[in-house]
Structure formats: structure tokens, C-alpha cells
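In my numbering, each number is its position in the sequence shown, counted from 1, plus 2. From the three backbone atoms N, C-alpha and C, an ideal C-beta is built for every residue, glycine too. Notes follow the structure.
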Amino acid sequence: MHPLQEQEQEHQQLIDLLDALDLCISNGDSANKVSKYLSDFVALAEEHFKNEEEIMETYEYPEILNHKKEHANLLEQLFILKNKLDNGQTPFGKDYMQLLRNWLEEHLLGTDNMLEEFLYQVNVNSNKTYILS
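Next comes the structure, spelled out in C-alpha cells:
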């Protein structure tokens, strides 16, 4: 599988997990179930960011530091939120869902889109077909 196809698949998995988490909250499911979905989201985000950062390093993406900073900031927020939820300090509700959805949308349509455009240009300029199909 090509790197960008893999990234798109992971993006869709993140969106699907957010949808499942949102449905769980809307249905009034248990805190344990909410915590499970949030844990899955955090784990997938960590893996996705690691994979994406490897691609950026491989192709010497010029905006890598800013992109990695966005990843680190979101993970920090997720870890704090997850810790509060696990310790019963805060309910996970629609406010948090909206923050996650907004961040994901901005990141996918902004930051990740810039990376995809860069990789497309690398592909076009190098006549290599292994970056994009």
C-alpha cells in the first residue's frame, strides 16, 4: 500500500472512531464504554502520527516541525482528557466531541492537505510512482 493510501485509511479510521464515540455519548452509554472508544482513538492517533512523521522525515518535508508540534499538542490534550475521564474528574460530553471534530477537520483539511500536496509535487518532479498511485 502506498504511504498516502495508508494515511487516508487511518484518517477514515479516526473519523469512524469519533463517530462511534459521538454515538456512544448520544446514547448515554457508560463511562467505561466512552473511555474504551477514547482509548482506541488515542492509540490510533499516536500510531497515525508516528507513521505520518516517518513519511515527512523520509521526504524531508519542510514543515515537519510545525506539523509535529500540532501532533504533540493534540496528544497532550488527549492524554489530559483521558486521565481526567479515567479518574472520574470530568464527564466526556459534546463539548469535547466538538473540539476533537474541529481539530481533526482543521488538521486533515489544512495541515495534512499541505503534506499531501508536497508529496504530490515530489512525485511529479521525481517521476517516481511509489509515493502516489
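What's the gap between the Cα of residue i and the Cα of residue j?
{"i": "Lys-127", "j": "Leu-121", "result": "It should be noted that the sequence gives Asn, not Lys, for residue 127. Asn-127 and Leu-121: Cα-Cα distance of roughly 10 Å."}
{"i": "His-69", "j": "Cys-26", "result": "30 Å"}
{"i": "Gln-11", "j": "Asn-89", "result": "32 Å"}
{"i": "Tyr-39", "j": "Leu-87", "result": "12 Å"}
{"i": "Val-36", "j": "Glu-56", "result": "30 Å"}
{"i": "Asn-125", "j": "Leu-6", "result": "12 Å"}
{"i": "Leu-20", "j": "Met-116", "result": "23 Å"}
{"i": "Glu-62", "j": "Lys-52", "result": "15 Å"}
{"i": "His-13", "j": "Leu-110", "result": "8 Å"}
{"i": "Lys-71", "j": "Leu-77", "result": "10 Å"}
{"i": "Glu-108", "j": "Gly-30", "result": "28 Å"}
{"i": "Pro-64", "j": "Leu-106", "result": "21 Å"}
{"i": "Gly-95", "j": "Val-44", "result": "16 Å"}
Secondary structure at residue i, three-state DSSP: helix, strand or coil?
{"i": "Tyr-63", "result": "coil"}
{"i": "Ser-32", "result": "coil"}
{"i": "Gln-79", "result": "helix"}
{"i": "Asn-157", "result": "Outside the shown range of the chain, which is 3 to 135, sits residue 157, and nothing can be said about it."}
Please indicate yes or no: does the CB of residue i lie closer than 7 Å to some heavy atom of the ligand MG?
{"i": "Leu-40", "result": "In the structure shown, the ligand MG is absent, as is every other ligand, since no ligand is present at all."}
Determine the burial state of residue i: buried for a count of at least 16 other Cβ atoms within 10 Å of its Cβ, exposed for fewer.
{"i": "Leu-102", "result": "buried"}
{"i": "Phe-81", "result": "exposed"}
{"i": "Glu-54", "result": "buried"}
{"i": "Leu-16", "result": "buried"}
{"i": "Gln-9", "result": "buried"}
{"i": "Ala-33", "result": "exposed"}
{"i": "Leu-67", "result": "exposed"}
{"i": "Leu-23", "result": "buried"}
{"i": "Asp-114", "result": "buried"}
{"i": "Ala-47", "result": "buried"}
Ignore the nearest five residues each way along the sequence and tell me which others in residue i's own chain have a CB closer than 6 Å to its CB.
{"i": "His-150", "result": "No answer is possible for residue 150: it lies beyond the span of the chain, which begins at 3 and ends at 135."}
In chain order, what residues of the same chain have a beta carbon less than 8 Å from the beta carbon of residue i, not counting five sequence neighbours either side?
{"i": "Asp-18", "result": "none"}
So, do the region 47-65 and the region 110-120 have three or more beta carbon pairs nearer to each other than 8 Å?
The region 47-65 makes contact with the region 110-120; the number of CB pairs closer than 8 Å reaches 3 or more.
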